[in-house]
Amino acid sequence: MKNSTRRAFLSRVTVGLTGAIAAIVGLPILGYLLAPLFQVPSDDLVKVGLVTDFPLGKTKLVSIRDPSPLPWAGQTAETALWVRRRQADGPQMFQVFNVNCTHLGCPINWQAEAKIFLCPCHGGVFYEDGTVAGGPPPRPLYEREWAVRAGDLLVRQAALPNPKQG
Amino acid sequence: MSPVWRSVRWWLSSVAAWLGERFELEDSVLAVLRHPVPRALERPVGWFYVFGAATLAIFIVQIATGVALAMTYVPAPNSAYDSLQFISHEATLGSLIRGIHYFGAGAMVVLVLVHMTQVYLFGAFKFPREVNWLSGSLLLLGTLAMAFTGQLLRWDQDAFWAIVVAAEQAAQAPVIGGWLVTLVVAGANVGGATLTRFYATHVFLIPAAIFGLLGIHLYLVVKRGISEPPVAGERVDRAGYRARYRELLARGIPFWPDAAWRDAVVSAIAVACVVLLAAILGAPALGKPADPTVVVADPRPDWYFLGYFALLALIPPATEAVVIIGLPLFAFVFLFLVPILWPDGERHWSRRPVAIAAVALPFIAYAALTTAGLESPWVPRLQGAGLSSTVTAGLDAPATHGSELFVTKSCWACHQIEGSGGRKGPDLSHVAARLTRDQITARVAGGGGGMPAFAGSLSSQELDDLATFLATRK
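Protein chains in written order, with our numbering: chain L, 1 to 166; chain E, 167 to 640.
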């Protein structure tokens, strides 16, 4: 009887210690891997060009650089945006769209003559103001906040957009 | 036999015998290899029992070629593409090794499905082998996860946008969608941190899981024994099955070599096919390097995922949130429930018509979807725009202008005339036979039925000329 109590105790100690080993190594690793969840992505206003780069009535592709890209990010340190100049000035001057189709994120192509955006994946179509013209997209194009300062067009950094953001 | 050779053989067999005795191989490895299997496997039906072994053989090929590729591949966004181009075009035998890894991935997917289909139709998942099936289902998940993460490591435009699409799909998951996106891309956007995560997942995480599951799977194959070929009318009953199976094994044959030789034959054929395909066709060509600022991309998954890709284009948009997450979830929940819901009863496929339908229908449906995915008629064409000269010949000035507008205003991207153009919208070769000129004008200007309205991008003169051109298409 005494021996079996001792063995039960030793079993518990062994299992407990093994669990403790797993925990003291596992928890930091888990934290390391889940870190992106707790990081607040930067949302600086970043210059994408001069206001004069964008002729009235035209839609142009621009690149926007991550505020602090990883040194080995290469070309992926940049993201593309469609910029539409719809007025000469005022709060309605620009519309800035993500290039991601609102269906599943594929890159939309601007057809300047037809004035529509076409998606190469599942055939989504958008008008020049970003509203849905056809195909599977459930909502208009995602827009970015922009500002004009000293003749520069600045655009707000944002995470990969997704339908959950509404 | 020469005396030298006889002496070498004597030495070799002595060393082998000494090692065998020290390792006690008779009681361990050899005992397992010679475990009894049903005598029926001697008959031609034994050829149905080879697909698991063939899958394992290809998996080992994948490990070997994967390790070789990892010697050169650089998992960083600014180098991955170049290192793959080097492997494919400059490294000695690089194209062959990458080709084997690529065709091996396809073979894995195919063989796992063939193996599961055989097990399902033979009722081999039933009592007492339910956990064999469960571990196998998880191995299917692992195989698909390997196939998907592997494609992304190419880091070309297809791969880059496939990650974006995967993230957007993950976003559809209820409650945890947003977190999943952040974890998939390891940050706010696909970038420097994304590729290394996919790499580590592909070469460490999933393989480790597969090794563990494979251990469980093989342990159970030996421990539970290989199922005897089903006989119509012979039902599995949980009370008597084990005793009956033990009797069957008492009259059984040793797995090694009586059954193993068929595994070896089919495994050799499978590996030879993969190597041959790689030797003839080489590694698949890479697309343009991944560049988020270049929006001219035509992202397509590898062929075994094309059916799912097609499904997402063809279902009604309103059902999408349900289908994207729900359908794969339903498929895997169903797989896991199979042995729990039907652990006993008839095993033979001829007495399980619903089981045959449960296999045939998904395969037929997926084959149809894959065909649709290959053609992708819903995709607007963006390159090579132009109408054939037989269409434009002999038109008057307004109609000629209209035919030019048909191309420049992107009508061509979605509509065909005489075999040239996209197939997203209706073929307009004979549109004037269906619609009057006024109806054509109204449709172009106002859109409808999935077509955009072009009133905003066409002047009234242009609209008139376009309608004049289309009215010639009788």
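Using N, Cα and C, we set each Cβ at its ideal position, and we do this for glycine too.
Its Cα nearest to that of H596/E, the residue Q582/E stands out among A608/E, Q582/E and D457/E. H255/E sits exposed, since fewer than 16 C-beta atoms from the chains shown fall within 10 Å of its C-beta. Between Q157/L and V46/L the beta-carbon gap is near 6 Å, inside 8 Å, which marks them as a contact. Rounded to the nearest whole angstrom, the C-alpha separation of K292/E and F117/L is 53 Å.
Contact check for V155/L and V48/L: beta-carbon distance about 5 Å, within the 8 Å limit, so the pair qualifies. Listed along chain L, the residues sitting closer than 9 Å to G613/E by beta-carbon distance are A133 and G134. When DSSP states are grouped into helix, strand and coil, Q95/L belongs to the strand group.
Taking a C-beta cut-off of 8 Å against chain L, the contacting residues of the stretch 321 to 352 of chain E are F326, W327, V330, V331, A333, E334, Q335, A337, Q338, G343, G344, W345, V347, T348, L349, V351 and A352, listed in chain order. Residue burial annotation: I266/E is buried, with at least 16 other C-beta atoms found within 10 angstroms of its C-beta. The CB of D464/E comes closer than 7 Å to the CB of P120 in chain L, given here in chain order. In this structure, DSSP gives W299/E a helical state, which the three-state scheme calls helix. Contact between G343/E and A354/E is ruled out by a C-beta separation of about 15 Å, above the 8 Å threshold.
Rounded to the nearest angstrom, the Cβ distance from L37/L to T348/E is 5 Å, consistent with a contact under 8 Å.
Non-local beta-carbon contacts of T283/E in its own chain, meaning distances under 7 Å to residues more than five positions away in sequence, involve V525 in chain order.
Taking all protein chains in view, the Cβ of R466/E is crowded by 16 or more other Cβ atoms within 10 Å, so the residue is classified as buried. Under the three-state reduction of DSSP, S576/E is assigned to coil, being neither helix nor strand. The beta-carbon separation of T102/L and P55/L, rounded to 26 Å, does not stay under the 8 Å limit for a contact. If you draw a 10 Å sphere on the C-beta of T309/E, you find 16 or more other C-beta atoms in it, and that means buried.
By the Cβ rule, the stretch 396 to 403 of chain E does not count as touching the stretch 313 to 323 of chain E, because fewer than three pairs are nearer than 8 Å. Closest in alpha carbon position to A565/E, among A619/E, Q627/E and F529/E, is Q627/E. Contact check for V356/E against F326/E passes: the beta carbons are separated by less than 8 Å. Residues F94, V96 and V155 of the same chain have their beta carbon placed closer than 6 Å to that of W146/L, with the five preceding and five following residues left out of the count.
Taking 7 Å as the Cβ-Cβ cut-off, the stretch 66 to 87 of chain L approaches chain E at D66, P69, L70, W72, A73, G74, Q75, T76, A77, E78, T79 and A80, given in chain order. The continuous stretches of alpha helix (DSSP H) do not include K47/L, which lies in the beta strand (DSSP E) extending over residues L45 to L50. A80/L is bridged by DSSP to S63/L. Judged by DSSP secondary structure, F214/E falls outside any alpha helix (DSSP H); it is assigned neither H nor E. Within chain L, no residue has its CB atom less than 7 Å from the CB of L594/E, the nearest being about 16 Å off. G357, G358 and A359: these are the residues of the stretch 357 to 368 of chain E whose beta carbon lies less than 7 Å from some beta carbon of chain L, given in chain order. If you draw a straight line from the Cα of A479/E to the Cα of P546/E, it is about 12 Å long. Here Q317/E is buried: its Cβ has 16 or more other Cβ atoms, across all protein chains shown, within 10 Å. For G105/L and P455/E, the gap between their C-alpha atoms comes out near 18 Å.
Taken in chain order, the complete alpha helix (DSSP H) segments of 4 residues or longer contained in the stretch 317 to 347 of chain E are 323 to 336. Q228/E sits buried, since 16 or more C-beta atoms from the chains shown fall within 10 Å of its C-beta. Counting along the chain, the unbroken alpha helix (DSSP H) around G260/E starts and ends at G260 to L287.
Using a CB distance below 9 Å, the part of the stretch 483 to 515 of chain E facing chain L consists of P483, A484, E486, A487 and I490, ordered along the chain. When 7 Å is used as the limit between beta carbons, S623/E is near these residues of chain L: A114 and K115, in chain order.
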